[in-house]
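There are 2 protein chains.
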Amino acid sequence: MSLYTNRQWFYVKRPEGRVGAEHYELRETPMDEELAINEVLVEQRFISVDPYMRIQQAERNTYDLPHPLGIVQRAATVGQVLQSNSSQFKPGDWVLGYSGWQTLAKCHISELQKLDPELAPVSTALGVLGMPGRTAWFGLMEAGRPRAGDTLLVSGAAGAVGSLVAQFGKKAGCKVIGIAGGPAKCEYLINRLKLDGAVDYRAFSTTAALAQELERVTGGWDVYFDNVGGWITDAVMPLLKLRARAVICGAIAQYDGGLDQPDLGPRFLQHMLFKRATIQGILARDFTHRMEELRAAVGPWVKSGEVFLDETIVEGFDQLPEALNSLFEGANTGKLLVKV
Amino acid sequence: MSLYTNRQWFYVKRPEGRVGAEHYELRETPMDEELAINEVLVEQRFISVDPYMRIQQAERNTYDLPHPLGIVQRAATVGQVLQSNSSQFKPGDWVLGYSGWQTLAKCHISELQKLDPELAPVSTALGVLGMPGRTAWFGLMEAGRPRAGDTLLVSGAAGAVGSLVAQFGKKAGCKVIGIAGGPAKCEYLINRLKLDGAVDYRAFSTTAALAQELERVTGGWDVYFDNVGGWITDAVMPLLKLRARAVICGAIAQYDGGLDQPDLGPRFLQHMLFKRATIQGILARDFTHRMEELRAAVGPWVKSGEVFLDETIVEGFDQLPEALNSLFEGANTGKLLVKV
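The listed protein sequences derive, respectively, from chains C and X.
The numbering of the first sequence is the working numbering, which starts it at 1 and goes up by one.
The numbering of the second sequence is the working numbering, which starts it at 341 and goes up by one.
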């Protein structure tokens, strides 16, 4: 007896370049209401779309095995309990889960985290108080080790992680320069995020020209928080200052193909030597056990509005593959979410 | 009244590629015996020849301003006091200094460090108990953070710093694999240094082929101590294991021109992310104030013969420029010294 229809985006074809709708299939599956003990049925409200999803679509192992073909695209989700077979959840409760691109999911309660909409808007569990916030906070504070007066350079600065790193850097007393694509995003960095400078990489056609502008604007960097990799990072690396720290958080510019095919850039390791600098790669998962610290440090700033993560909300479950694709076109400012 | 003739190698022309005799001029300068208070006249016995000298000949700033043209080539030296105007030094005393490529030098005693030939052979002050030893010890222990059972991969493993890093790695309980050029050096790594494996990079003509062999021999690395950079490091980087640490100590493969001209290699920073790895550049000078620690940790091993730094000794002051050049041909095993 199926009362419900679950709509699901199956990941069916590995992208070679840009990911899009052709790599997914939308299926409708009947779903009954039968729940095991401590299981609940969740109806998703917000589904997350994140750059890391493209990494997991590389052919070879990255930080995980490749995302299997033929299953629902994995993703973090915020939804509401529709039916419950647990004393700990009741219909209407908001929950954070990792249910993927589907409108409904039966979940064991151990897979869910209850959200209090009075404390913060529920979508922040996918943003500033979730994975992107954790990545930005611990990546910057622990690997970047910012000090007051440092120059912090952030690539992908108008994105989810980048815009948080930039704000955390201001809180730490840094001079913060953001790199983003296009005048609108740069205007956003200056006027909304109140950064000390913004560089529009799209205004430059060569690494050397971009490097020259970055040098002019920053005077060299103490901390570089990298979300993009590729030719932008090529331009940034030689501008490091003594004992500089680079945090490698993403390489979004290389996701369209560079993960499976080697791409070339200038060798730069000698600069690490000359300046006794450090590069560290970080992933959100290394800090999952420290969410309490994140909430303690950042929660009050979110409540007061001092730190925020703007959302780009795409309406409609059907839009998920296109929304993922749009991340690599730089369409979003802040956190990209799909509203079911 | 000149009693002495000082022979000096002046650095007169900036090399674009390989450095050699054509970039130096040998001059003979008369020298009197007049000494200011607390000055001594030192006759050099051993003059050091180190890869870093080529870095300082780059046209642009590296970790220092470029070595000025028209002055005596700077270098560390071990010599004996010939005359003294200080109560703290007497003729015959052995001293470590930084007097450069010249047979004689008048030095203020604050520039000198007295050596006790009973404690260790005086040339060790230019080797295992000097700059190369300090670089190897602190670079490995502090930036590499080796743990028992780790796989340590060392490039330039038959060189001064490399052969010490390899031995310190064995002391730390690591499985140690060395990379060196040619079968003789690889035999040295296995039979003299007792390493667990050796890879002759000259046996491979492509990065991919070298990478395949390195993967076979190492199974991936936890610590990479890099003295060479260039295409060897290109092959090494993607073979990192979870939370690996790369120590960038030198880039000798790039010194022939790569420091002034950008050279291309495959981008690899995404691997740092996937594996949450760290790269750190180190220089001996950052640990100069910690020589006591070095002597305490390594001195006993040197005395017992458990750790050693073999020397390649070139006879004759006139050979200095050629000796420097030979470093980049990989002619030396262990520490290269010129005996005056």
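Where a beta carbon is used, it is the ideal one built from N, C-alpha and C, also for glycine.
Please read these numbers as outputs of a predicted model, since none were measured by experiment.
| Item | Value |
| --- | --- |
| Relative to the C-alpha of Arg134 (chain C), which residue among C:Thr333, C:His289, C:Ile313 is closest? | C:His289 |
| Mind the definition here: the region 351-369 of chain X touches the region 407-414 of chain X only if three or more C-beta pairs lie below 8 Å; say whether that holds. | yes |
| Can you check which of these residues, X:Asp650, X:Gln659, X:Asp536, X:Asp658, is closest to Thr673 (chain X) by C-alpha distance? | X:Asp650 |
| What residues from chain C crowd round Phe565 (chain X), counting only those whose CB sits closer than 7 Å? | Near Phe565 (chain X) there are no residues of chain C at all, since even the closest Cβ is about 12 Å away, more than 7 Å. |
| Closer than 7 Å by beta-carbon distance: list the chain C residues that pair up with Gly605 (chain X), in chain order. | Leu264, Arg267 |
| From Ile302 (chain C) to Ala120 (chain C), what does the alpha carbon distance come to, in whole angstroms? | Residue 302 (chain C) is actually Val in this sequence, not Ile. Roughly 8 Å between the two C-alpha positions. |
| Bridge partners for Phe350 (chain X) per DSSP, in chain order? | X:Glu365, X:Val412 |
| What whole-angstrom Cβ distance do Arg45 (chain C) and Gln102 (chain C) have, given they're in contact under 8 Å? | Arg45 (chain C) to Gln102 (chain C), Cβ: 13 Å. No contact. |
| For Phe478 (chain X), collect the residues of the same chain with a Cβ closer than 6 Å to its Cβ; drop the 5 residues on either side in sequence, then sort them by chain order. | Phe627 |
| What residues in the region 383-415 of chain X have a beta carbon less than 7 Å from any beta carbon of chain C? | Thr402, Tyr403 |
| Are the C-beta atoms of Ile519 (chain X) and some chain C residue less than 8 Å apart? | no |
| On the DSSP letters alone, give me the boundaries of the beta strand (DSSP E) that Ile179 (chain C) sits inside. | 175-180 |
| Report the start-end ranges of each beta strand (DSSP E) in the region 370-399 of chain X that is 3 residues or longer and not cut off at the edges. | 379-388 |
| Within 10 angstroms of the Cβ of Ser304 (chain C), are there 16 or more other Cβ atoms? Answer buried if so, exposed if not. | exposed |
| Kindly indicate if chain C contains any beta-carbon less than 8 Å away from that of Lys643 (chain X). | no |
| DSSP three-state label for Ser84 (chain C), please. | strand |
| Pull up the distance between the alpha-carbon of Lys515 (chain X) and that of Gly489 (chain X), whole angstroms please. | 6 Å |
| Write down every uninterrupted run of the beta strand (DSSP E) in the region 469-551 of chain X whose length is 3 residues or greater and which is fully enclosed by it, in chain order. | 491-495, 515-520, 537-540 |
| Shortest alpha-carbon distance to Thr295 (chain C) belongs to which of C:Ala125, C:Lys275, C:Gln56? | The amino acid at residue 295 (chain C) is misidentified as Thr; the sequence shows Arg. Residue C:Ala125 is the option with its Cα nearest to Arg295 (chain C). |
| In terms of residues, what are the limits of the alpha helix (DSSP H) holding Gln610 (chain X)? | 609-614 |
| Quick one: which chain C residues come within Cβ less than 8 Å of Asp626 (chain X)? | Arg276 |
| The ligand SAM and Arg414 (chain X): does any heavy atom of the ligand fall closer than 7 Å to the residue's C-beta? | Absence of the ligand SAM is noted for the structure shown, with no ligands found whatsoever. |
| Interface residues of chain C around Thr573 (chain X) at Cβ under 9 Å? | Arg267, Leu269 |
| For a contact defined as C-beta to C-beta under 9 Å, what are the partners of Ala695 (chain X) on chain C? | What the structure shows of chain X is the stretch from 341 to 680, and residue 695 (chain X) is not part of that stretch, so it cannot be assessed. |
| Residues in the same chain with beta-carbon distance under 7 Å from Gln113 (chain C), minus the five sequence neighbours each way, listed in chain order, please. | Val95, Leu96 |
| May I ask you to list the residues that DSSP assigns as paired with Glu651 (chain X)? | X:Lys675 |
| Measuring only between beta-carbons, confirm whether Gln212 (chain C) sits less than 8 Å from chain D. | Of the chains in the structure shown, none is chain D; the protein chains are C and X. |
| Listing by chain order, which chain X residues have their CB less than 8 Å from the CB of Gln167 (chain C)? | In chain order: nothing, as chain X lies at least about 22 Å away. |
| So which residues on chain C does Leu366 (chain X) lean against when the C-beta distance must stay under 9 Å? | Correct list: empty, because the minimum Cβ distance to chain C is about 30 Å. |
| Counting contacts by CB-CB distance shorter than 8 Å, is Leu623 (chain X) in contact with chain C? | yes |
| Would you mind working out which of C:Val154, C:Leu336, C:Asp32 sits nearest Gln319 (chain C), comparing C-alpha positions? | C:Leu336 |
| Going by DSSP, which residues form a beta bridge with Gly437 (chain X)? | X:Thr417 |
| Between the beta-carbon of His395 (chain X) and the beta-carbon of Tyr595 (chain X), is there less than 8 Å? | Note that residue 395 (chain X) is Ile in the sequence shown here, rather than His. Closer than 8 Å, so yes. |
| Cα-Cα, which of X:Leu381, X:Tyr344, X:Lys581 is closest to Pro370 (chain X)? | X:Tyr344 |
| Along chain C, in chain order, which residues have C-beta atoms closer than 9 Å to that of Gly513 (chain X)? | Chain C residues near Gly513 (chain X): none, gap ~25 Å exceeds 9 Å. |
| Quick check on the DSSP output: the beta strand (DSSP E) that includes Arg583 (chain X) runs from which residue to which? | 580-588 |
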